[in-house]
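In our numbering, the protein residues as written are 2 to 101.
Where is the CB? At the ideal position from N, CA and C, for every residue including glycine.
Please read all numbers here as calculations on a predicted model, not as lab measurements.
Scroll down for the structure; my scribbles are underneath it.
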């Protein structure tokens, strides 16, 4: 003996009515607009990696804001002559190396 299915008998008739229904262009446009608005209001998807990356960026920017800014090195002297480390290290004499 067969038992009846566990389900609504009217469900099959309701499904047929839905597949046969064709909305007007105005109804379709209104539905599409509602769907677009719903999707736009949804929060963006954030993976675990993106969340960790965002938290680390916030942590280090806060740390940078707390540290004092180091003093900038002084620029060239006021009279306009620029001192170069290579000029100081270069030999003074113009001849050949005599110390061999």
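**OP:** Return yes when the Cβ of residue 55 is within less than 9 angstroms of the Cβ of residue 66, no when it is not.
**Re:** Taking 9 angstroms as the Cβ cut-off, residue 66 and residue 55 do not qualify as a contacting pair.
**OP:** Locate the alpha helix (DSSP H) running through residue 35, then write down its first and last residues.
**Re:** Following the DSSP letters along the chain, one finds residue 35 inside the alpha helix (DSSP H) bounded by residues 26-42.
Original post:
Quick one: what does DSSP say residue 46 is sitting in, helix, strand or coil?
Top reply: In the structure shown, residue 46 sits in coil (DSSP, three-state: anything other than H, G, I, E or B).
Subject >> Separation of residue 24 from residue 38, as counted between CA atoms >> reply: Their Cα atoms are separated by approximately 20 angstroms.
Original post:
Just how far apart, CA to CA, sit residue 52 and residue 44?
Top reply: C-alpha separation (whole angstroms): 14 angstroms.
**OP:** With DSSP as the reference, label residue 55 as helix, strand or coil.
**Re:** Annotated three-state conformation of residue 55 is helix, per DSSP.
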